[in-house]
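Asker: Quick one: this structure, given as structure tokens, is what I'll be asking you about.
Residue numbers (my numbering), protein chains in the order written: chain A, 1 to 201; chain B, 202 to 307.
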């Protein structure tokens, strides 16, 4: 088995683990294989020394879902904490629920604002493209009627519109892609946080 | 060996492996091999645990056109090694007590 095959198998077995953890684990094994190869081992030998990806993945998953740090004092403090925490949570509900709602709606509004900018940019691009088509039609119309100079003038304007439209499309694609990437990253990190908290509980 | 005891020993061994200078994963395994066998996944868990306890720092550095993680011992880590040496004296006392009882019974 070569390194690529090993990594692919490990990744396939590790589905269900948070993305960042999988990546960190895989990088760790990749480094281990590379370091062995640097010592003169062949790729096959290096991978062989690491072991079977299925066994490794099984061990990783077992560790992940049964956190080892489960000690008695921890549980006690947790229970004690929960009692007064619940009281505080209930008493403070009118405040923190509305605050949380406000935070969520502000975040949502900000996100909507970002997307509305994107939508308007795309609208501008389409408008420019439409102007190009319209300009082309009227240029032909003028040319057929014998007003060559006016036709040429409008044709020039139409070409400018086409250029603007193409530039806007390139810019918009970049902006849209980056926002989608950013959204994905945020979603992953939020999910990671919740997953970690759940693993701790 | 008892799991709890082995876990504690592995922690101290890994700290000892990075005590004199920073080291990386494969070298830690190689350095420890004559004393205690350690699999990659076990090492990963130990390193994570020590990092969470702030007994070591992790820094990524480029090496031969790729990235490699280097582990540096911290003040907490050095303290842990010193504490282990003290604990070991107690364990040796317990050991001599346990073996003495065996000798009396046997």
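For each residue, glycine too, the CB sits at the ideal point set by N, CA and C.
(1) Is the region 1 to 11 of chain A touching the region 21 to 37 of chain A in the sense that three or more CB pairs, one from each, lie closer than 8 Å?
(2) Can you pull the chain B neighbours of residue 181 of chain A, defined as C-beta to C-beta under 7 Å?
(3) I need the DSSP call for residue 222 of chain B, collapsed to helix, strand or coil.
(4) Can you give me the start and stop residues for the alpha helix (DSSP H) that residue 8 of chain A sits inside?
(5) Kindly identify the DSSP beta-bridge partner or partners of residue 203 of chain B.
(6) For my contact list, residue 215 of chain B and residue 259 of chain B are in at a C-beta cut-off of 8 Å; report their separation, rounded to the angstrom.
(7) Please list the partners that residue 265 of chain B has in chain A, where partner means a Cβ-to-Cβ separation under 9 Å.
(8) Buried or exposed: which applies to residue 202 of chain B, given that a residue is buried once 16 or more other Cβ atoms fall within 10 Å of its Cβ?
(9) Between residue 246 of chain B and chain A, is the shortest Cβ-Cβ distance under 8 Å, so that the two count as touching?
(10) Exposed or buried, residue 58 of chain A, counting other C-beta atoms within 10 Å across all chains shown (16 or more means buried)?
(11) Return the chain-ordered ranges of every alpha helix (DSSP H) run that is complete within the region 210 to 275 of chain B and spans a minimum of 4 residues.
(12) In terms of DSSP beta bridges, what is residue 17 of chain A paired with?
(13) Would you say the region 127 to 135 of chain A touches the region 152 to 166 of chain A, given that touching needs at least three Cβ pairs under 8 Å?
(14) Compare the beta carbon distance of residue 1 of chain A and residue 227 of chain B with 8 Å and say whether it is the shorter of the two.
(15) Count the other C-beta atoms from every protein chain shown that fall within 10 angstroms of the C-beta of residue 178 of chain A, then say buried if there are 16 or more, exposed otherwise.
(16) Which value, in whole angstroms, describes the spacing of the CA atoms of residue 116 of chain A and residue 245 of chain B?
(17) Examine chain B for any beta-carbon lying closer than 8 Å to the beta-carbon of residue 194 of chain A, and answer yes or no.
(18) Just how far apart, CA to CA, sit residue 148 of chain A and residue 109 of chain A?
(19) Are residue 251 of chain B and residue 209 of chain B closer than 8 Å when you measure CB to CB?
(20) Classify residue 172 of chain A as helix, strand or coil using the three-state DSSP reduction.
(21) Use the C-beta contact count for residue 128 of chain A: other C-beta atoms within 10 angstroms, 16 or more gives buried, fewer gives exposed.
(22) Should residue 35 of chain A go down as buried or exposed, given a rule of 16 or more other Cβ atoms within 10 Å for buried?
Answerer: Answer, in terms of the structure:
(1) yes
(2) Counting from one through the first chain, the residue named residue 181 of chain A turns up at place 181. Within 7 Å Cβ-Cβ: nothing; residue 181 of chain A doesn't reach chain B, min ~22 Å.
(3) Translated into positions along the second chain, residue 222 of chain B becomes position 21. Residue 222 of chain B falls in the coil class under three-state DSSP.
(4) Stepping through the first chain from its first residue, residue 8 of chain A is reached at position 8. Per DSSP, residue 8 of chain A belongs to the alpha helix (DSSP H) from 3 to 13.
(5) The residue given as residue 203 of chain B occupies position 2 in the second chain. Bridge partners of residue 203 of chain B: none, in fact.
(6) Residue 215 of chain B sits at position 14 when you count from the first residue of the second chain. Residue 259 of chain B sits at position 58 when you count from the first residue of the second chain. Between residue 259 of chain B and residue 215 of chain B the Cβ distance is about 13 Å, and since that is not below 8 Å, they are no contact.
(7) As a first step, residue 265 of chain B is located in the second chain; it is residue number 64 there, counting from the start. Result: 34 and 38.
(8) The count along the second chain starts at 1 and reaches residue 202 of chain B at position 1. Per the 10 Å Cβ criterion, exposed.
(9) Counted from its first residue, the second chain places residue 246 of chain B at position 45. Chain A contact via Cβ: present.
(10) Your numbering for residue 58 of chain A matches position 58 in the first chain. Residue 58 of chain A should be labelled exposed.
(11) 226 to 233 and 241 to 253
(12) The residue labelled residue 17 of chain A in the question sits at position 17 within the first chain. In DSSP, residue 17 of chain A forms a bridge with A:15.
(13) yes
(14) Along the first chain, read from residue 1 onward, the residue named residue 1 of chain A stands at position 1. Along the second chain, read from residue 1 onward, the residue named residue 227 of chain B stands at position 26. Cβ distance not < 8 Å, so residue 1 of chain A and residue 227 of chain B don't count as in contact.
(15) As a working note, residue 178 of chain A is residue 178 in the first chain. Exposed, because fewer than 16 other Cβ atoms sit within 10 Å of the Cβ of residue 178 of chain A.
(16) By 1-based counting over the first chain, the position of residue 116 of chain A is 116. By 1-based counting over the second chain, the position of residue 245 of chain B is 44. So the alpha carbons of these two residues sit roughly 45 Å apart.
(17) Mapped onto the first chain, residue 194 of chain A falls at position 194. It does not; no Cβ of chain B falls within 8 Å.
(18) Against the first chain, residue 148 of chain A aligns to sequence position 148. Against the first chain, residue 109 of chain A aligns to sequence position 109. Using only the alpha carbons, I get a separation of about 51 Å.
(19) Locating residue 251 of chain B in the second chain gives position 50, counting from the first residue. Locating residue 209 of chain B in the second chain gives position 8, counting from the first residue. Going by C-beta atoms, residue 251 of chain B is not nearer than 8 Å to residue 209 of chain B.
(20) Numbered from 1 along the first chain, position 172 holds the residue referred to as residue 172 of chain A. Correct three-state label for residue 172 of chain A: helix.
(21) Stepping through the first chain from its first residue, residue 128 of chain A is reached at position 128. Buried, by the Cβ-count rule.
(22) To locate residue 35 of chain A, count along the first chain from 1; it is residue 35. Buried, since its Cβ has 16 or more Cβ neighbours within 10 Å.
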